[in-house]
Amino acid sequence: MKNIFFLLLLSSFLTTAQSTLPEVTLTNLEGKSVVLNRDFVEKDKLYIISFWATWCGPCINELDELNDVIEDWKKELNLEVIAVSTDDARTQKRVKPLVSGKGWPYTILLDTNQDLKRALTIVNIPYTIVVKNGQILHIQNGYVPGSEASLLAKLKQL
Amino acid sequence: MKNNSFFGLLCIALVWCSFWTQAQNNTTSSGVLSGGFETNTQWYLNDKGLKDEFNNPTAQPEEPLRSNSYLFLNYNYKKWTFGIQGEAYEQNALLNMNPKFNGTNVATYFVQYKGDQLEATAGYFYEQFGSGLLFRSWEDRALGINNALRGGRVILKPVSHFTLKMVYGQQRTGFDVTDAQIFGGDFEWGLSKVFKWETTDLSLGGSYVGRYEKTDIVNPNFDALTNAYAGRISLTHQSFYLSGEYNYKSPDAVVQAPGQIDNRLIKPGSAILLNMGYSKKGFGIDGTFRRLENMGFFSERAAKGNVFNDRIMNFIPSLTKQHHYNLANIYVYQAQPNVLLAGSDFVKAGEIGGQIDMFYDFKKGTALGGKYGTKVAMNFSNYNALSGTFFIFNPQDYDTDFLGFGQRMFSDFNFEITKKWTNKWFTQVSYIKQYYNRQYIEDAAGEVNTHIVAGEAIYKFDKGQSIRVMGEHMWADYDRKNWAAATVEFNFNSKFSMYVYDLYNYGNDLSHYRNHYYNIGGAFRNKATRLGINYGRQRGGLVCVGGVCRFVPESSGLTLTFNTSF
Chain V
828 MKNIFFLLLL SSFLTTAQST LPEVTLTNLE GKSVVLNRDF VEKDKLYIIS
878 FWATWCGPCI NELDELNDVI EDWKKELNLE VIAVSTDDAR TQKRVKPLVS
928 GKGWPYTILL DTNQDLKRAL TIVNIPYTIV VKNGQILHIQ NGYVPGSEAS
978 LLAKLKQL
Chain Y
13 MKNNSFFGLL CIALVWCSFW TQAQNNTTSS GVLSGGFETN TQWYLNDKGL
63 KDEFNNPTAQ PEEPLRSNSY LFLNYNYKKW TFGIQGEAYE QNALLNMNPK
113 FNGTNVATYF VQYKGDQLEA TAGYFYEQFG SGLLFRSWED RALGINNALR
163 GGRVILKPVS HFTLKMVYGQ QRTGFDVTDA QIFGGDFEWG LSKVFKWETT
213 DLSLGGSYVG RYEKTDIVNP NFDALTNAYA GRISLTHQSF YLSGEYNYKS
263 PDAVVQAPGQ IDNRLIKPGS AILLNMGYSK KGFGIDGTFR RLENMGFFSE
313 RAAKGNVFND RIMNFIPSLT KQHHYNLANI YVYQAQPNVL LAGSDFVKAG
363 EIGGQIDMFY DFKKGTALGG KYGTKVAMNF SNYNALSGTF FIFNPQDYDT
413 DFLGFGQRMF SDFNFEITKK WTNKWFTQVS YIKQYYNRQY IEDAAGEVNT
463 HIVAGEAIYK FDKGQSIRVM GEHMWADYDR KNWAAATVEF NFNSKFSMYV
513 YDLYNYGNDL SHYRNHYYNI GGAFRNKATR LGINYGRQRG GLVCVGGVCR
563 FVPESSGLTL TFNTSF
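If you read the protein sequences in the order shown, they are chains V and Y.
Count the first sequence with the working numbering and you get residues 828 to 985, in order.
Count the second sequence with the working numbering and you get residues 13 to 578, in order.
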């Protein structure tokens, strides 16, 4: 059994990076079902999908910082920010007042039982992916202050 | 076990074939293979400087090199998905994990069909009904929780505003499943769609969960089948929202300590959860009330209260703020849904309490907002044991008050102010005041009152470098008393960071127990891959994720974490 495990492990490194969004149902703040790769499919639009949680300090810093620049970015690029909350039932009720209190203009989706997070095998948040025409074109794993500049540079290339 | 391995091999074969199909014919029409790998490896070391309460130094365990590793593969072809997860706990699992996690094996696998109106899954699956108070199966690797069901699930969406889920299965425990059978259903109905309301959202939901577990007890006074029901409603009107749910669990034998099924105390369980709030841009307020009575629910009765959260069927998080400061995570509340009749001054049948959150943004350009705005968050939570009439001696019994606040178990008042000064400077300060009843929460002695003051500052240099500094102090009047902590983190660029931190229990009454818990480490991130390394000391106590906690012993050593997805 151990050998099979390592064989599979080896094979995993030979494959290429995941390129499409898995089909997972999320809910929005009004409780409606949303599927990312069906409901966010505007042609050539850049979707910045950021995984966060109310208890994750760096995630909130990232979304706060993005909020300061997003209007400027939108003048140059056709983009939309989707903030996917991975909060479980413990903290999920804090999502809505927090988002309002912060004045975030993002589309907020809830991944309450972490189905999407699991399908994308995300271990740590913050974790941001950029999707265009259904393809994952860029992954930013973690967040450090000031990384907006490199994200913008990347977005311009896509 | 054999059964599991057989299905596992079958799934490996399926995924393997798919992989080769893809490799040989590299077009999207042959499907997509994706997955992820994660390993947490720890090398435990002897540490003479790290003493416990009784002046014993920290010794490495047998098998000092341990790791938890997970490999997950997913193959998607049109409407079909096949998945498999292998897990390896080699030279044993990390300290204080469930001992059933040992060795290397296939852990979970599934095949799923997903159409527009029908989704069907066979194999292992994760699911949550409503808020999870009756049923949640999920995975939390840090806590060693994976209570997936092995069986089948069907989700029907005949119209866009109606969803029906049906599940049947046996629950995972270690690399095996329990004998008990679990089955249930849940519906969610969006009524506003039916009434064609534009500005108001109204939805109803309901659940049923059955657990069938035969008992060895002769002449049981309870049924093998325990039934649980829940109803919920959610209403949103413009900036205002409201939701409520009621959960009921049919009478069943009370288990006060793991393994002790009491055939003479047969009680039902219940949970009420109410939430309401108001939010508009720049302001949000939210209040939650919860009452729990005898609501612990496990796939095997005797498992109730086990320290590994093994065979847990529902999710009862502590509804308090999850702090990100180190010292604020020493006295962490855990929900108290269970019955314990230990003495005339120590009785529990559940908890009652709630929390309030408030968020406010002083706008840019105002006196308090300054150039970049100022953000304020406030939170208060309080939980008491349920009061009532309790009979401690045989026959034991109790009768709770509906709105009865008994002994206080926990409270937490806190606020934080977040301020961006310039494009480069960012600060946050927090104040936290906690009350923690060790007897009711940990079954230890005493009560602790704490005051915590913490601050964080981030400065951005040019060329993508930044530094983060955090200072914390906790005044505590009991147990290990005062602590101080400091953290410095330096980010060289978006891929590479290093940090050092120390928690110092300088106020401990016992001089040998005034430990430093220092850690130094770094992380390298590239695309979907992260590599982390840490050297230092782990504070013994509860490690909590999402209000569910795992006890870890004090330890010292080197940790390597690696994860990637593809």
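Using N, Cα and C, we set each Cβ at its ideal position, and we do this for glycine too.
Since this is a predicted model, take the numbers as computed values, not measurements.
Span separating the alpha-carbon of residue i from that of residue j
i, j, result
"V:Tyr933", "V:Leu890", "9 Å"
"V:Asp915", "Y:Phe427", "22 Å"
"Y:Leu284", "Y:Lys316", "One point to set straight first is that residue 284 of chain Y is Ile, not Leu, in the sequence displayed. The alpha-carbon atoms of Y:Ile284 and Y:Lys316 are separated by roughly 21 Å."
"Y:Thr386", "Y:Phe425", "20 Å"
"Y:Thr434", "V:Glu975", "16 Å"
"Y:Gln36", "Y:Ser42", "Per-residue confidence for Y:Gln36 stands at a pLDDT of 42, beneath the threshold of 50, marking its modelled position as unreliable; no derived number is given."
"V:Thr843", "V:Asn960", "Low confidence applies here, because V:Thr843 scores a pLDDT of 49, under 50, leaving its location unreliable; read the following figure in that light. Rounded to whole angstroms, V:Thr843 to V:Asn960 spans 19 Å at the Cα level."
"V:Leu982", "V:Ser860", "28 Å"
"Y:Asn517", "Y:Glu566", "14 Å"
"Y:Pro232", "Y:Ile273", "10 Å"
"Y:Glu210", "V:Asn951", "38 Å"
"Y:Ala457", "Y:Arg420", "15 Å"
"Y:His336", "Y:Ala236", "43 Å"
Within-7 Å CB hit, residue i to chain V
i, result
"Y:Lys376", "no"
"Y:Phe563", "no"
"Y:Tyr220", "no"
"Y:Phe574", "no"
"Y:Glu257", "no"
"Y:Thr571", "no"
"Y:Trp150", "yes"
"Y:Ser399", "no"
"Y:Glu50", "yes"
"Y:Asn37", "Confidence at Y:Asn37 is low in this model, with a pLDDT of 43, below 50, so its placement is unreliable and no value can be given for it."
Identity of the residue in the options nearest residue i by Cα
i, options, result
"Y:Pro1", "Y:Pro565, Y:Trp150, Y:Arg78, Y:Tyr260", "In the structure displayed, chain Y extends from 13 to 578; residue 1 of chain Y sits before or after that span and is not available."
"Y:Tyr525", "Y:Gly533, Y:Glu501, Y:Asp491, Y:Gln129", "Y:Asp491"
"Y:Gly218", "Y:Gly197, Y:Trp209, Y:Glu151, Y:Gly115", "Y:Gly197"
"V:Asp895", "V:Leu863, V:Trp931, V:Ile909", "V:Trp931"
"V:Thr881", "V:Val922, V:Thr852, V:Ile897, V:Leu936", "V:Val922"
"Y:Glu305", "Y:Ser291, Y:Asn350, Y:Ala457", "Y:Asn350"
"V:Tyr970", "V:Leu964, V:Ala980, V:Leu982, V:Thr955", "V:Thr955"
"Y:Phe94", "Y:Asn104, Y:Pro111, Y:Val44", "Y:Val44"
"V:Gln919", "V:Leu964, V:Gly858, V:Glu850, V:Ser846", "V:Gly858"
"V:Asn940", "Y:Asp128, Y:Phe137, Y:Thr133", "Y:Phe137"
"Y:Ile194", "Y:Thr573, Y:Ala240, Y:Gly61", "Y:Ala240"
"Y:Lys91", "Y:Ser81, Y:Tyr82, Y:Tyr125, Y:Asn80", "Y:Tyr125"
"Y:Phe402", "Y:Asn394, Y:Leu380, Y:Lys431, Y:Leu352", "Y:Leu352"
"Y:Ala160", "Y:Leu168, Y:Arg184, Y:Arg480", "Y:Arg184"
"V:Leu893", "V:Leu979, V:Leu985, V:Gln984", "V:Leu979"
"Y:Val189", "Y:Val344, Y:His463, Y:Ile324, Y:Asn52", "Y:Ile324"
"Y:Ile453", "Y:Leu554, Y:Lys375, Y:Leu380", "Y:Leu554"
Residue j beta carbon less than 7 Å from that of residue i
i, j, result
"Y:Ser311", "Y:Ala397", "no"
"Y:Ile470", "V:Pro953", "no"
"Y:Ser568", "Y:Leu57", "yes"
"Y:Asp369", "Y:Asn391", "yes"
"Y:Thr378", "Y:Leu331", "no"
"V:Leu937", "V:Leu906", "no"
"Y:Arg549", "Y:Leu62", "yes"
"Y:Ile297", "V:Pro849", "no"
"V:Ile966", "V:Leu856", "no"
"Y:Gln510", "Y:Leu339", "The sequence shown places Met at residue 510 of chain Y, not Gln. No, the pair does not count as a contact, with Cβ atoms beyond the cut-off."
"Y:Glu75", "Y:Gln54", "no"
Chain Y within 7 Å of residue i, Cβ atoms only
i, result
"V:Ser927", "yes"
"V:Arg865", "no"
"V:Lys920", "yes"
"V:Asn940", "yes"
"V:Ile876", "no"
"V:Trp882", "yes"
"V:Ser974", "yes"
"V:Ser912", "no"
(request) Check whether the segment 80-95 of chain Y touches the segment 43-56 of chain Y, taking contact to mean three or more Cβ pairs, one atom from each stretch, closer than 8 Å. (result) In short, these stretches touch, since the Cβ pair count reaches three.
(message) Taking beta-carbon pairs under 7 Å, can you tell me which members of the segment 331-356 of chain Y lie near chain C?
(response) In the displayed structure, chain C is absent; the protein chains listed are V and Y.
(message) Closer than 8 Å is the cut-off here; do at least three beta carbon pairs connect the segment 408-427 of chain Y with the segment 861-880 of chain V?
(response) No: fewer than three Cβ pairs fall under 8 Å.
(request) Give a yes or no on contact between the segment 112-130 of chain Y and the segment 176-183 of chain Y, applying the rule of three or more CB pairs nearer than 8 Å. (result) Short answer: they don't touch.
(message) With three or more beta-carbon pairs closer than 8 Å as the criterion, would you say the segment 211-228 of chain Y touches the segment 134-153 of chain Y?
(response) With a cut-off of 8 Å, the segment 134-153 of chain Y and the segment 211-228 of chain Y count as touching, because enough Cβ pairs lie within range.
(request) Decide yes or no for the touch test of the segment 329-343 of chain Y against the segment 359-369 of chain Y: beta carbon pairs closer than 8 Å, at least 3 of them. (result) Remark: three or more beta-carbon pairs, one from each stretch, lie closer than 8 Å, so the segment 329-343 of chain Y and the segment 359-369 of chain Y are flagged as touching.
(message) I want to know whether the segment 474-485 of chain Y touches the segment 499-513 of chain Y - three or more CB-CB distances under 8 Å.
(response) With a cut-off of 8 Å on Cβ pairs, the segment 474-485 of chain Y is in contact with the segment 499-513 of chain Y, counting three or more such pairs.
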